[in-house]
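S.K.:
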């Protein structure tokens, strides 16, 4: 490589321009440029490392980089190697650009017209083929994983139908051994929190739903729109599309709670359409299923009984009834337009109203009942103008539904 | 100085065809591609500022969890209009500004093929943009996202999605007319000797863009009509309960939407390919490869659309096919970068503001391109899609690549258009601020996306650990805003300074292409004499003669590079098309029809009459000929 500041082969120096005598020795210049170059590359690498560390060691509880099950792990295993290849390309290309900019910068006092090179066909063909080969290599495991994820679930998988509504998640367990023991023997149905056993494949069928809530204003009605079910630590997302059924396979390695949310814009409260998965150990799962198969217990506490009467009856002043939209197993309340409340206070039902608040948060439940739209803009549950004593009774009833 | 006189006023009927090419009203009747280019550029810049304000609102809302600046209804309108504004009302028209101004000059023509259609395109664009923004005052702006998926769009009770459908039909008409115009111009109006492979790369990219538009806009127009009809006239194209399919909207939208992103970035590739050689003092490395890769992108760009739909459940066959085509299109997109690096190699690089924005733009585009390649890893995209990781990707390519390219082009071509050079010191300050602000805003979004932050969300829970990077992004956004302020100060400072001499601004950068052959600004007829082209980079070759064997240059004979006076008697014999007000009249019909569909059928009738009157006047008006 020629000395910086010197003539390149093929250069033209304009007649009359000063001869190339740099003010510092060529050796000093070369060393300075080398140092600058090295420093820039180290700085870039350091910044990248910091960002990466920031990404990996965070408090994020909904991270795609922290898989908690084999399906999410497969996705991360694809991403990470490609990411590092991209980092390598980044360093080479960006480093190259920076180096070229510094190495071939115009020096004051020298009027140089470089050799007018038009191209190099062999080189260009080469740098077209090389990336093509890298990409081809990357696409092989990619395609393999597409087909792996599209395979039919194993025979012992748990089957759940997931419905996205505005703006909450509904889960129904459709296996033959997951029916309730009362009434029409419907599938076990819960809202907001999907409960699953650990170490077992769960086959989710995603279905559109909605359109059963109406009101005096057009904005009161709920609509069947596209959503997307996403629990990053357990699986990739798939859209919930009205008119078709999509599928996700999921499995949790450990008991615990896994966060997620709707990932396809679905209207006003898309940003707070939260979902959770609670994975239970084998014993806890048995107990949970057994409890879900039973109808709601009739409360013994008088306040809770009062609440039950309010819930199942018509509210005074023509305000309507909770049973218009909500279901409680074993009672006359059977509508599926709104979240299932049969086991509202079960410990696994950690959150309510689109999973926006903790079930145990009494203040939040009270505020919700008082005026849903005031705490969740555009919520489809109307304001029933409940009196404080009515709210107290209803809360007692809801908390009795274990 | 040659002048054009088109003085004979033929009195036909009550309305005389205008003749003035200067003065305030001449801006409303102009059919001069250069004035129209300036109109496009100024309008696009204003929309850029509006879209930027919308971005700042978004960033303030998201700086903290549970932000209260905007309620969800307001937020949905702001983020939707941010996307629509930046894509349809800023990037596309700003590219149109440069194509309009410079394609005729670069090919040695006097104007575009259809000057009045050119004016019509601009007015329809402006009126379409105003129509879209009037929605804020007429019941609510579009609130469904720039992609406006059905059935959310078909069932939303607000008037916003209807404004969306009609507004984009109107702006689509503008772009389609412009596409036909510029494509015909490039194909038919090239100067003698200007073969296709002597076209500047900017013109080639322009041609590919116009063809992409011509073939993709009809698709979205159909989709938008179907959306409008589902909402207003009771059809069920996207309604699954009545035999329709919501996914149909997505297929049609992305069949347009993917070529559209190449429409957004190819002008930037063209700009980089012009600026780099000038400020490296070397020709573009591998001109033919760069041109062919642009053409390849144009074709393959129609074969990748469903990579926006990997999570829709199209099935493994479709996902495999589109994953592979997406990987394929990365190749022609990426190798250009090596060609650009090859141009810098062994060059004599001058760090003007234009060059800084170009090098910075290429560097930012590389990052966006790399994250784009990770999206092609289909199952990994099941995690990435609909998260802030995607938001990071497209801002790196469209803003980092496209907007940086626009600022490069503004600094590069400002002397040619306005006869003044923008301040380099303020330009460099703007560049540094923008580079830092931009990376602070969008760099962390990669992390936010991978850590679970969804898109199009008006808030996020504080339990997700996303707060810090959101705060960083908000700070970055305000730095970007500061850099734009520096640019505006630059505009003011430049106009306050005394005007440079004609010689200083005719060819201040020692450039290579034909627009620098004429004065700055060019006369209305562009060239005293249409140049005959003998080579690629014709202007450079008139200044320097290259020894083919050694590549060494020697300056050409003095005066060889100047435009000669060939005895056309000061331009009196150059026949330019006359101004006209009919394109504006015809354009006015569009928003009237649009308002009519939403509010009153009488307005539709009025709009049709106005439009038809405009078209008849346009067709039948006399040309104003010289004696």
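Protein chains in written order, with the working numbering: chain A, 392 to 793; chain B, 13 to 639.
A virtual CB, placed ideally from N, CA and C, is assigned to each residue, including glycine.
1) Which residue's Cα is closest to the Cα of residue 98 of chain B: B:274, B:634, B:415 and B:540?
2) By the three-class DSSP mapping on this structure, what secondary structure does residue 541 of chain B have?
3) State the CB to CB distance for the pair residue 340 of chain B and residue 307 of chain B, rounded to an integer number of angstroms; the pair is presumed to be in contact (CB under 8 Å).
4) Less than 7 Å between C-beta atoms, sequence neighbours within five positions excluded: which residues of the same chain meet that for residue 152 of chain B?
5) Which residues in the same chain as residue 68 of chain B place their Cβ atom closer than 8 Å to its Cβ, once the five residues preceding and following it in sequence are excluded?
6) So, at 6 Å on beta carbons, what are the nonlocal neighbours of residue 783 of chain A in its own chain, with the 5 sequence-adjacent residues on each side left out?
7) In the DSSP assignment, the alpha helix (DSSP H) including residue 609 of chain A goes from what residue to what residue?
8) Beta-carbon within less than 6 Å of residue 651 of chain A's beta-carbon, same chain only, minus the 5 sequence neighbours each way: which residues are those?
9) Can you pull out the residues from the segment 470-490 of chain B whose beta carbon lies closer than 9 Å to at least one beta carbon of chain A?
10) Decide if residue 418 of chain B is buried, meaning its Cβ has at least 16 other Cβ atoms within 10 Å, or exposed.
11) Taking only beta-carbon positions, decide if residue 619 of chain B is within less than 9 Å of chain A.
12) Is the segment 469-489 of chain B close to the segment 658-672 of chain A, with three or more CB pairs under 8 Å?
13) Taking contact to mean 3 or more Cβ pairs, one atom from each stretch, closer than 8 Å, check whether the segment 626-639 of chain A and the segment 254-272 of chain B are in contact.
14) How would you list, in chain order, the residues of chain A whose beta-carbon sits under 8 Å from the beta-carbon of residue 342 of chain B?
15) Using DSSP's beta-bridge definition, name the partner residues of residue 648 of chain A.
16) Say whether chain B places a C-beta atom closer than 9 Å to the C-beta of residue 451 of chain A.
17) So which residues of chain A does residue 495 of chain B contact, with C-beta pairs closer than 7 Å?
18) Check each candidate in A:726, A:746 and A:750 and name the one with the smallest Cα separation from residue 737 of chain A.
19) Can you pull out the residues from the segment 493-520 of chain A whose beta carbon lies closer than 7 Å to at least one beta carbon of chain B?
20) Does the Cβ of residue 546 of chain A have 16 or more other Cβ atoms within 10 Å, making it buried, or fewer, making it exposed?
21) Measuring CA to CA, which of A:451, A:463, A:459 and A:452 is closest to residue 395 of chain B?
22) Listing by chain order, which chain B residues have their CB less than 7 Å from the CB of residue 480 of chain A?
23) Under 9 Å, do residue 274 of chain B and residue 213 of chain B count as touching if we go by C-beta distance?
24) Starting from the beta carbon of residue 529 of chain A, find every residue of chain B whose beta carbon is closer than 9 Å, and list them in chain order.
25) Any beta-carbon of chain B closer than 9 Å to the one on residue 686 of chain A?
26) Go ahead and pull the three-state DSSP assignment for residue 556 of chain B.
27) For residue 740 of chain A, go through chain B and note every residue whose CB falls closer than 7 Å to its CB, in chain order.
28) Applying the criterion that 16 or more other CB atoms from any shown protein chain within 10 Å of the CB defines a buried residue, is residue 519 of chain B buried or exposed?
29) Please report whether the beta-carbon of residue 360 of chain B lies at a distance below 9 Å from any beta-carbon of chain A.
30) So residue 335 of chain B contacts chain A; which residues on that side make the cut at Cβ distance below 9 Å?
31) Quick one: what does DSSP say residue 641 of chain A is sitting in, helix, strand or coil?
32) How is residue 783 of chain A classed by DSSP in three states: helix, strand or coil?
33) Could you check whether residue 704 of chain A and residue 670 of chain A sit closer than 9 Å to each other, using their CB atoms as the reference points?
34) Taking 8 Å as the limit between beta carbons, can you name the residues of its chain near residue 203 of chain B, skipping five residues before and five after?
35) For residue 635 of chain B, which residues in the same chain have their Cβ closer than 8 Å to its Cβ, ignoring the five residues on either side in sequence?
36) Beta-carbon within less than 7 Å of residue 2 of chain B's beta-carbon, same chain only, minus the 5 sequence neighbours each way: which residues are those?
M.R.: Let me lay it out:
1) For the purposes of this step, residue 98 of chain B is taken as residue 86 along the second chain, with counting starting at 1. If we check each option's Cα against that of residue 98 of chain B, B:415 comes out closest.
2) Sequence index remark: in the second chain, residue 541 of chain B carries index 529 (1-based). Coil.
3) Locating residue 340 of chain B in the second chain gives position 328, where the first residue counts as 1. Locating residue 307 of chain B in the second chain gives position 295, where the first residue counts as 1. The Cβ separation is near 14 Å, so there is no contact.
4) For this step, residue 152 of chain B is matched to residue 140 along the second chain. Excluding positions up to five away in sequence, the list reads 89, 170, 171 and 172.
5) As a working mapping, residue 68 of chain B is identified with position 56 in the second chain. Leaving aside the five residues that flank residue 68 of chain B on each side, the residues in its chain whose CB is nearer than 8 Å to its CB run, in chain order, 489, 490 and 493.
6) Mapped onto the first chain, residue 783 of chain A falls at position 392. If we look at residue 783 of chain A and ignore the five residues flanking it on each side, it has no Cβ neighbours.
7) In the first chain, residue 609 of chain A corresponds to position 218, counting from 1. Membership of residue 609 of chain A in any alpha helix (DSSP H) is not indicated, and neither H nor E is assigned to it by DSSP.
8) Residue 651 of chain A sits at position 260 when you count from the first residue of the first chain. Within the same chain, residue 651 of chain A has close Cβ partners 621, 622 and 666.
9) Residues passing the 9 Å Cβ filter: 470, 471, 472, 473, 475, 476, 477, 478, 480 and 481.
10) Stepping through the second chain from its first residue, residue 418 of chain B is reached at position 406. Around the beta carbon of residue 418 of chain B, 16 or more other beta carbons sit within 10 angstroms, so the residue counts as buried.
11) Taking the second chain and counting its residues from 1, one reaches residue 619 of chain B at position 607. So no, residue 619 of chain B is outside the interface.
12) The segment 469-489 of chain B, when compared against the segment 658-672 of chain A, does touch it at the 8 Å Cβ threshold.
13) Counting Cβ pairs under 8 Å, three or more are found: they touch.
14) In the second chain, counting from the first residue as 1, residue 342 of chain B sits at position 330. Correct list: 522 and 526.
15) One-based indexing of the first chain puts residue 648 of chain A at position 257. According to DSSP, residue 648 of chain A shares a beta bridge with A:669.
16) Within the first chain, residue 451 of chain A is the residue found at index 60, counting from 1. For residue 451 of chain A, a Cβ of chain B is located within less than 9 Å of the residue's own Cβ.
17) Counting from one through the second chain, the residue named residue 495 of chain B turns up at place 483. Per Cβ cutoff of 7 Å: no residues; residue 495 of chain B is ~20 Å from chain A at best.
18) Taking the first residue of the first chain as position 1, residue 737 of chain A is located at position 346. The shortest C-alpha separation from residue 737 of chain A is found at A:750.
19) Within the segment 493-520 of chain A, 495, 496, 497, 503, 504, 505, 506, 507, 508, 509, 510, 515, 518 and 519 place their CB atoms closer than 7 Å to a CB of chain B, listed in sequence order.
20) The residue given as residue 546 of chain A occupies position 155 in the first chain. Here residue 546 of chain A is exposed: its Cβ has fewer than 16 other Cβ atoms, across all protein chains shown, within 10 Å.
21) Here residue 395 of chain B corresponds to residue number 383 of the second chain, with the count starting at 1. Of the candidates A:451, A:463, A:459 and A:452, the one whose C-alpha sits nearest the C-alpha of residue 395 of chain B is A:463.
22) To locate residue 480 of chain A, count along the first chain from 1; it is residue 89. Result: 382.
23) Taking the first residue of the second chain as 1, we reach residue 274 of chain B at position 262. Taking the first residue of the second chain as 1, we reach residue 213 of chain B at position 201. Taking 9 Å as the cut-off, the Cβ atoms of residue 274 of chain B and residue 213 of chain B do not count as close.
24) Numbered from 1 along the first chain, position 138 holds the residue referred to as residue 529 of chain A. The answer, in chain order, is 339, 385, 388 and 389.
25) The residue you call residue 686 of chain A lines up with position 295 of the first chain. Not closer than 9 Å to any Cβ of chain B, the Cβ of residue 686 of chain A fails to qualify, so no.
26) As a working mapping, residue 556 of chain B is identified with position 544 in the second chain. It is a strand residue.
27) Start at 1 with the first residue of the first chain, and residue 740 of chain A comes out as number 349. Within chain B, no residue comes near residue 740 of chain A; the closest Cβ sits about 18 Å away, beyond 7 Å.
28) The count along the second chain starts at 1 and reaches residue 519 of chain B at position 507. Per the 10 Å Cβ criterion, buried.
29) Counted from its first residue, the second chain places residue 360 of chain B at position 348. Output row for residue 360 of chain B: interface = yes.
30) For this step, residue 335 of chain B is matched to residue 323 along the second chain. 530, 533, 534 and 537, listed in chain order.
31) In the first chain, counting from the first residue as 1, residue 641 of chain A sits at position 250. Strand, per DSSP.
32) Against the first chain, residue 783 of chain A aligns to sequence position 392. Residue state for residue 783 of chain A is assigned as helix, using DSSP reduced to three classes.
33) What you label residue 670 of chain A is simply residue 279 of the first chain in a count that begins at 1. What you label residue 704 of chain A is simply residue 313 of the first chain in a count that begins at 1. Cβ atoms of residue 670 of chain A and residue 704 of chain A: not closer than 9 Å.
34) Taking the first residue of the second chain as position 1, residue 203 of chain B is located at position 191. Its chain contains 119, 120, 121, 526, 542, 543, 544 and 545 as the residues whose beta carbon lies nearer than 8 Å to that of residue 203 of chain B, once the 5 sequence neighbours on both sides are disregarded; these appear in chain order.
35) On the second chain, position 623 is the one that residue 635 of chain B refers to. Closer than 8 Å at the Cβ level, and outside the excluded window around residue 635 of chain B, lie 29, 589 and 590.
36) This structure does not reach residue 2 of chain B, given that chain B is present from 13 up to 639, and the question cannot be answered.
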